[in-house]
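Undergrad:
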Amino acid sequence: MGLTIGSWKTSWPLSTKTARIVCTLLFSLILYGEHPISREPVTVTFVDPEWSHDLTEHTVVADDRLKDFTQETGIGVKHLPTPETTLDQLDLVRKLLGQGSSTPDVSGVDVIWPGVLNDELMDLKPSLATELSSINADVVASYTVKGRLVAVPYHSDIGVLFYRKDLLRRYGYRAPPRTWKELEQMSVRIQEGERARGQKDFWGFLWPGAAGEGLTCNALEWQVSEGGGRVIEADGRISVNNPDAIRSWQRAAHWIGWISPPRVTSLQEWDVINDYYYSGTSAFFRGWARTYLLSVRDIPSIRDRIGITSIPAGKNAQAATLGGFGLGLSRSSRHSAEALQLIRFLVHREIEIEEARADYESRNWPELYDPTAILRAKQSSADTGRQQVSGVVARPSTVAEDKYEEVSRAYIQAVHSVLLGQSRAPEAAASLERDLVRITGFKTGPPIRNRVPKEKSSGNASGARRAAGSTGASPHDSLK
Ligand code: GLC
Numbered sequence: 047m048g049l050t051i052g053s054w055k056t057s058w059p060l061s062t063k064t065a066r067i068v069c070t071l072l073f074s075l076i077l078y079g080e081h082p083i084s085r086e087p088v089t090v091t092f093v094d095p096e097w098s099h100d101l102t103e104h105t106v107v108a109d110d111r112l113k114d115f116t117q118e119t120g121i122g123v124k125h126l127p128t129p130e131t132t133l134d135q136l137d138l139v140r141k142l143l144g145q146g147s148s149t150p151d152v153s154g155v156d157v158i159w160p161g162v163l164n165d166e167l168m169d170l171k172p173s174l175a176t177e178l179s180s181i182n183a184d185v186v187a188s189y190t191v192k193g194r195l196v197a198v199p200y201h202s203d204i205g206v207l208f209y210r211k212d213l214l215r216r217y218g219y220r221a222p223p224r225t226w227k228e229l230e231q232m233s234v235r236i237q238e239g240e241r242a243r244g245q246k247d248f249w250g251f252l253w254p255g256a257a258g259e260g261l262t263c264n265a266l267e268w269q270v271s272e273g274g275g276r277v278i279e280a281d282g283r284i285s286v287n288n289p290d291a292i293r294s295w296q297r298a299a300h301w302i303g304w305i306s307p308p309r310v311t312s313l314q315e316w317d318v319i320n321d322y323y324y325s326g327t328s329a330f331f332r333g334w335a336r337t338y339l340l341s342v343r344d345i346p347s348i349r350d351r352i353g354i355t356s357i358p359a360g361k362n363a364q365a366a367t368l369g370g371f372g373l374g375l376s377r378s379s380r381h382s383a384e385a386l387q388l389i390r391f392l393v394h395r396e397i398e399i400e401e402a403r404a405d406y407e408s409r410n411w412p413e414l415y416d417p418t419a420i421l422r423a424k425q426s427s428a429d430t431g432r433q434q435v436s437g438v439v440a441r442p443s444t445v446a447e448d449k450y451e452e453v454s455r456a457y458i459q460a461v462h463s464v465l466l467g468q469s470r471a472p473e474a475a476a477s478l479e480r481d482l483v484r485i486t487g488f489k490t491g492p493p494i495r496n497r498v499p500k501e502k503s504s505g506n507a508s509g510a511r512r513a514a515g516s517t518g519a520s521p522h523d524s525l526k
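Heads up: the sequence shown begins at 47 in our numbering, then just goes up one per residue.
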């Protein structure tokens, strides 16, 4: 007996079992074309540097968000953490992506990595045009290399100053410091007072001074606020060897042992956070806005004691470093369609959550609202190398492209050696300038001293709103 398929009749006899197999195969080919899709559920791997940035039981990308994604789409997600420091994270992510293996499919991308990871990640611009229209163009520019969108902005962040509300009250201050000079004066007074009350190991100001990317972020704020430029300017001129940058490093070195503990030079970001929040032995701390907004504000004992305001201003401006992470899609991913679905899902969720968060915060914690300048960084303009219209300043990663890691390592080494007292600042700056010329091939030039426009202050009681984004800059005294 022959087998009829449509009007075609085979001329040779087939057993019923064989006929069934042939039919199944033919159907599969008709349904799926030449590349039959596996019916196995797909799992995408997501390596997430922000995971290590969490303070509490929460993860920054909450696992229930990933579970929702799996429920909606049937696509599994393997969520992987990374080491703690930015330089170690970059080593790992670059190694994983660079070896051409199919995992990870999705990677968190620090705002400074796009130039370094450009070859390993897909251009997301064509796939995410709609999403991009609701994200700040300057932040998008930080993730763009030679016209390719290497990662889509996901969590933007900015440097902020944390302060102890209870201590400000105790020492009669109505507002947190708005300039470095005020920070120094308040630190000295509170430190002396607290030590006299029995806290012998109390210090005024904590910041991450270990030789890591956190130091680049801090030192950039010190020098931009004093008119010392951005290490490498947007037009590719190496500007770091100038008197204002040098003075700003000297000022920070002078803090050590005076208002900051000598151990700051070995403290990474998370050491400082733990120290500040949980040991309570310092008055001020330079950290990131998201740390507070994501984790700490949910812990009432901390929220009631700790306020958040903008980084103090110097004689030139107030400057807060732009930080944060985007999401990138590996060129070697075997599940790029599903990985893109995950990226889209997370970005959409984030846009919704941020809208709700901004609304909730503005109603419940008005003093927090301004420093939600991470949102400012998203919604208004950030200085990402093309212009400077707010206090947000980008590291020179866009201009240094794939050389950024070397640039930052050289900068860290120079500043750290000044902090440790191993080199004098003018020599360290001159030698850094030579290193940067060798690394990048760029020419040297003067820093661009943009004045960041002053914001009108609203002058509320805590001073947090007032200080956020305002410069209040006054020429600081020469170093003693
Ligand atoms: C924060 C920022 C990131 C920066 C890092 C430095 O995580 O979001 O951009 O590189 O701190 O420690």
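Using N, Cα and C, we set each Cβ at its ideal position, and we do this for glycine too.
Predicted model only: the values in this text are computed from it and were never measured.
For the alpha helix (DSSP H) containing residue 236, name the first residue and the last one.
TA: Where residue 236 is concerned, the enclosing alpha helix (DSSP H) stretches over 226 to 242.
Undergrad: Within 10 angstroms of its Cβ, does residue 381 collect 16 or more other Cβ (buried), or is it exposed?
TA: Buried: at least 16 other Cβ atoms inside 10 Å.
Undergrad: Tell me whether the region 133 to 145 and the region 263 to 277 touch, counting them as touching only if at least three CB pairs, one residue from each stretch, are closer than 8 Å.
TA: In short, these stretches do not touch, since the Cβ pair count stays below three.
Undergrad: With DSSP run on the structure shown, which of helix, strand or coil describes residue 157?
TA: Of the three classes helix, strand and coil, the one that applies to residue 157 here is coil, per DSSP.
Undergrad: Indicate whether residue 152 and residue 379 have their beta-carbon atoms separated by less than 9 Å.
TA: For residue 152 and residue 379, yes; Cβs fall inside 9 Å.
Undergrad: Only counting the same chain, and skipping five residues up and downstream in sequence, which positions put a Cβ closer than 7 Å to that of residue 148?
TA: Excluding positions up to five away in sequence, the list reads 378, 379, 380.
Undergrad: Roughly how many angstroms lie between the CA atoms of residue 176 and residue 198, to the nearest whole one?
TA: Computed Cα separation, rounded: 12 Å.
Undergrad: Tell me, to the nearest whole angstrom, how far the beta carbon of residue 204 is from that of residue 450; I am working on the premise that it is less than 8 Å.
TA: Wrong, their Cβ atoms sit about 19 Å apart, outside the cutoff.
Undergrad: According to the neighbour-count rule (16 or more other Cβ atoms, all chains shown, within 10 Å of its Cβ), is residue 242 buried or exposed?
TA: So residue 242 counts as exposed.
Undergrad: In terms of alpha-carbon separation, which member of 89, 376, 282, 90 lies closest to residue 446?
TA: Selected option, being the one with the closest Cα: 282.
Undergrad: So does the region 241 to 261 actually touch the region 383 to 391, counting three or more Cβ pairs closer than 8 Å?
TA: The region 241 to 261 vs the region 383 to 391: no contact.
Undergrad: Kindly confirm or deny that the region 290 to 302 and the region 162 to 174 touch, where touching means at least three C-beta pairs closer than 8 Å.
TA: Contact fails: fewer than three Cβ-Cβ distances are below 8 Å.
Undergrad: Based on Cα-Cα distance, which residue from 111, 94, 92, 97 lies nearest to residue 399?
TA: Of 111, 94, 92, 97, the residue nearest in Cα terms is 111.
Undergrad: Spatial neighbours of residue 489 within its chain, please: C-beta separation below 8 Å, excluding the five flanking residues on both sides.
TA: Only 282, 283, 284, 483 meet the Cβ criterion.
Undergrad: Ends of the alpha helix (DSSP H) at residue 144?
TA: Run containing residue 144: 132 to 144, per the alpha helix (DSSP H) assignment.
Undergrad: At a cut-off of 8 Å, would you count residue 255 as near the ligand GLC, judging by its Cβ distance to the nearest heavy atom?
TA: No - the ligand GLC has no heavy atom lying nearer than 8 Å to the Cβ of residue 255.
Undergrad: Going by C-alpha distance, which of 300, 141, 269 is nearest residue 31?
TA: Not covered by the structure: residue 31. The range shown for the chain is 47 to 526.
Undergrad: Quick check on this structure: which residue in 316, 167, 222 has the alpha carbon closest to the alpha carbon of residue 354?
TA: If we check each option's Cα against that of residue 354, 222 comes out closest.
Undergrad: May I have the straight-line CA-CA distance separating residue 324 from residue 375, to the nearest angstrom?
TA: Residue 324 and residue 375: Cα-Cα distance of roughly 37 Å.
Undergrad: Leaving out the 5 sequence neighbours to the left and right, which residues in its chain are closer than 6 Å to residue 126 when beta-carbon positions are compared?
TA: Contacts found: 93.
Undergrad: CB of residue 157 to nearest heavy atom of the ligand GLC: below 8 Å?
TA: For the ligand GLC, at least one heavy atom lies less than 8 Å from the Cβ of residue 157.
Undergrad: According to the Cβ coordinates, are residue 362 and residue 270 closer than 9 Å?
TA: A contact, by the Cβ cut-off of 9 Å.
Undergrad: To which residues does DSSP link residue 194 through a beta bridge?
TA: Looking at the DSSP assignment, residue 194 forms a beta bridge with 191.
Undergrad: Under a three-way DSSP split, which group does residue 222 fall into?
TA: Coil, per DSSP.
Undergrad: How would you write the range of the alpha helix (DSSP H) that residue 113 sits in, first residue to last?
TA: From DSSP, the alpha helix (DSSP H) with residue 113 extends over 109 to 119.
Undergrad: Could you check if residue 259 belongs to the surroundings of the ligand GLC, using beta carbon to heavy atom distance under 8 Å?
TA: Yes, the beta carbon of residue 259 sits closer than 8 Å to at least one heavy atom of the ligand GLC.
Undergrad: Can you determine whether any heavy atom of the ligand GLC sits closer than 8 Å to the C-beta of residue 97, and answer yes or no?
TA: False, no ligand heavy atom lies under 8 Å from that Cβ.
Undergrad: Output needed for residue 302: all residues of its chain with C-beta closer than 8 Å, excluding positions within five of it in sequence on either side, in chain order.
TA: 255, 308, 310, 311, 465, listed in sequence order.
Undergrad: Residue 440: which of 201, 280, 208, 460 sits nearest, CA to CA?
TA: The shortest Cα separation from residue 440 among 201, 280, 208, 460 belongs to 280.
Undergrad: Which residue from 289, 185, 366, 232 puts its Cα closest to that of residue 306?
TA: Per the Cα distances, 232.
Undergrad: Can you list, in chain order, the residues of its chain with a C-beta nearer than 7 Å to that of residue 200? Leave out the 5 residues immediately preceding and following it.
TA: So the qualifying residues of the chain are 371, 372, 373, 392, 393, 396.
Undergrad: Could you check the C-alpha separation between residue 366 and residue 145 for me, to the nearest Å?
TA: Their Cα atoms are separated by approximately 35 Å.
Undergrad: Is the closest heavy atom of the ligand GLC to the C-beta of residue 315 under 8 Å?
TA: Residue 315 Cβ: within cutoff of the ligand GLC.
Undergrad: Should residue 124 be labelled buried (16 or more other beta-carbon atoms within 10 Å of its own) or exposed?
TA: Counting Cβ neighbours within 10 Å, residue 124 comes out exposed, since fewer than 16 surround it.
Undergrad: Rounded to the nearest angstrom, what separates residue 249 and residue 206 at their Cα positions?
TA: Going by the C-alpha atoms only, they are around 18 Å apart.
Undergrad: Of all the options 338, 316, 115, 485, which has the alpha carbon lying nearest to the alpha carbon of residue 132?
TA: If we check each option's Cα against that of residue 132, 316 comes out closest.
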